[in-house]
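Heads up: the structure comes next, in structure tokens.
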Amino acid sequence: MLVDTHAHLETVDDLEGVLENAKDAGVSKIITIGTSIKASKKCVQIAEQRRTGTQIYATVGIHPKDGKGEVEKLGLARCIDTLKQIVRSSKKVVGIGECGLDYRVTNDNLQLTTDKEKDFQRELFKEQIKLAAQLKLPLVIHCRNAWNEIFSLLTTNYRLRTKIGGVFHSWTGDWQTAKRVLDLGFYISFSGIVTFKNAKEIQEVAKKMPVEKMLVETDSPYLSPEPWRGKINEPKNVKIVAEFITILRSLSLDQIAQVTSENAERLFGFENL
146 MLVDTHAHLE
156 TVDDLEGVLE
166 NAKDAGVSKI
176 ITIGTSIKAS
186 KKCVQIAEQR
196 RTGTQIYATV
206 GIHPKDGKGE
216 VEKLGLARCI
226 DTLKQIVRSS
236 KKVVGIGECG
246 LDYRVTNDNL
256 QLTTDKEKDF
266 QRELFKEQIK
276 LAAQLKLPLV
286 IHCRNAWNEI
296 FSLLTTNYRL
306 RTKIGGVFHS
316 WTGDWQTAKR
326 VLDLGFYISF
336 SGIVTFKNAK
346 EIQEVAKKMP
356 VEKMLVETDS
366 PYLSPEPWRG
376 KINEPKNVKI
386 VAEFITILRS
396 LSLDQIAQVT
406 SENAERLFGF
416 ENL
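With our numbering applied, the sequence shown corresponds to residues 146 to 418, in that order.
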């Protein structure tokens with residue numbers, strides 16, 4: 146059985162149909178990921194309402210871009226306090242995130258994110274790191290064009306190695322960057338991007354890294370794997386991601402499913418709930 150460790154079920158219209166498709170594909174658990182206070186509340190509601198079939202768990206958090214309006218309206222301290230209340234309202238919450246840094250650059254690597262925006266994202270991420278440490282929950286990290294700053298925040302500010310773990314979701318970095326993640330003790334999760342023809346660096350990481358630190362995800366409804374790239378994604382397609390990794394690793398689907406499911410259990414602690 147497979148675990149889709151990163152989906153956005155609050156965006157789905159036909160939730161029962163999507164969950165039935167996931168069950169038929171051998172997906173036993175799905176984590177639906179919060180990206181704002183509003184989305185986090187919805188994710189917890191979905192997780193709480195699901196009692197049979199494919200099990201659903203939730204994370205709560207504020208994405209560096211998606212939740213900006215809420216933070217500007219309510220204030221950072223109030224937003225973090227609200228996240229804490231949402232976590233404490235449900236035993237189905239298994240992590241903090243999706244949080245991190247998201248910097249935009251041109252094709253020529255020219256920076257498009259202003260210093261003011263960077264400061265905002267850093268403070269938002271710092272507060273969610275502290276929240277995760279306080280609540281003893283893993284982080285679900287989003288990183289775009291900000292690797293050095295992400296590592297600095299994780300290592301310098303809060304000595305995360307001894308306090309907390311987490312996962313870098315929908316991996317897009319190279320092998321050298323992956324080694325820095327692994328040195329922190331964090332997990333790496335692969336989405337449909339790993340199946341793309343031009344994703345050679347990502348495929349190298351999936352091939353080289355310790356399978357004991359690997360997770361799989363869909364990031365649905367986004368990032369459909371080949372041959373469905375550009376279509377609406379579903380948790381059922383985590384099986385396609387896993388099947389692609391079996392080719393890279395020369396392992397069976399059962400082996401990849403078992404080890405990534407065990408990894409997800411180790412990180413998120415489903416059975417302790």
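Every residue, glycine too, gets a C-beta built ideally from N, C-alpha and C. Here the structure is a predicted model, which means the values were calculated and not measured.
Can you tell me which of the three DSSP states residue i falls into?
| i | result |
| --- | --- |
| I377 | coil |
| K174 | strand |
| R289 | strand |
| G318 | coil |
| G245 | strand |
| L282 | coil |
| S235 | coil |
| I207 | coil |
| F333 | Just to set this straight, residue 333 is Ile in the shown sequence, not Phe. In the structure shown, I333 sits in a strand (DSSP, three-state: E or B). |
| V419 | Outside the displayed range of the chain (146 to 418) lies residue 419, so it cannot be described from this structure. |
| L360 | strand |
| I201 | strand |
| S365 | strand |
| G162 | helix |
| G220 | coil |
| F341 | coil |
| G310 | coil |
| V350 | helix |
For residue i, does the count of other Cβ atoms within 10 angstroms reach 16, so buried, or fall short, so exposed?
| i | result |
| --- | --- |
| R195 | buried |
| W320 | exposed |
| N293 | exposed |
| M146 | exposed |
| L257 | exposed |
| H153 | buried |
| E379 | buried |
| V189 | buried |
| S406 | buried |
| D364 | buried |
| P209 | buried |
| L222 | The sequence given here has Ala at residue 222, not Leu. Exposed is the call here. |
| S397 | exposed |
| G311 | buried |
Under 7 Å Cβ to Cβ from residue i, same chain only, skipping five residues before and after it: list those, please.
| i | result |
| --- | --- |
| I338 | S315, T317, A344, I347 and L368 |
| A170 | K381 and K384 |
| A323 | I333, V350 and M354 |
Can you give me the Cβ contacts of residue i inside the same chain, cut-off strictly under 6 Å, excluding the 5 residues immediately before and after it?
| i | result |
| --- | --- |
| S185 | G179, V205 and I231 |
| P370 | G337, T340, N382, I385 and V386 |
| I377 | P366 |
| G242 | T204, G206, L284 and V285 |
| H287 | E243 and G245 |
| D211 | T180 and S181 |
| V157 | V163 |
I'd like to confirm something about residue i: is its beta-carbon nearer than 7 Å to some heavy atom of the ligand PLP, or not?
| i | result |
| --- | --- |
| T391 | The ligand content of the structure shown is nil, which means the ligand PLP is not present either. |
Am I right that residue i and residue j are in contact with their C-beta atoms under 8 Å? What's the rounded C-beta distance?
| i | j | result |
| --- | --- | --- |
| A277 | I309 | 5 Å |
| L282 | G240 | 5 Å |
| Y202 | K174 | 7 Å |
| V404 | V356 | 5 Å |
| K271 | Y248 | In fact, because the Cβ distance is near 16 Å, the residues do not count as touching under 8 Å. |
Expressed to the nearest angstrom, what Euclidean distance is found between the alpha-carbon atoms of residue i and residue j?
| i | j | result |
| --- | --- | --- |
| Q200 | A192 | 8 Å |
| V111 | R394 | Past the edges of the chain, shown from 146 to 418, lies residue 111, and the structure says nothing about it. |
| E217 | A387 | 39 Å |
| T340 | N382 | 11 Å |
| Q183 | E155 | Residue identity differs from the one stated: residue 183 is Lys in this sequence, not Gln. K183 and E155: Cα-Cα distance of roughly 10 Å. |
| F413 | D260 | 34 Å |
| M359 | A291 | 21 Å |
| I409 | W373 | It should be pointed out that residue 409 corresponds to Ala in this sequence rather than to Ile. Roughly 25 Å separates the two Cα atoms. |
| Q400 | E165 | 23 Å |
| S297 | K236 | 31 Å |
| K352 | F389 | 11 Å |
| V250 | R289 | 9 Å |
| Q266 | K213 | 9 Å |
| F335 | I295 | 19 Å |
| K187 | T391 | 34 Å |
In chain order, what residues of the same chain lie with their CB nearer than 8 Å to the CB of residue i, ignoring the 5 residues before and after it?
| i | result |
| --- | --- |
| R306 | Note on R306: pLDDT 48, under 50, position unreliable in the model; the coordinate value appears next. T300, L329 and G330. |
| D149 | A167, V172, K174, I175, I176, V361, E362, T363, S365, P380 and V383 |
| T227 | I182 and L219 |
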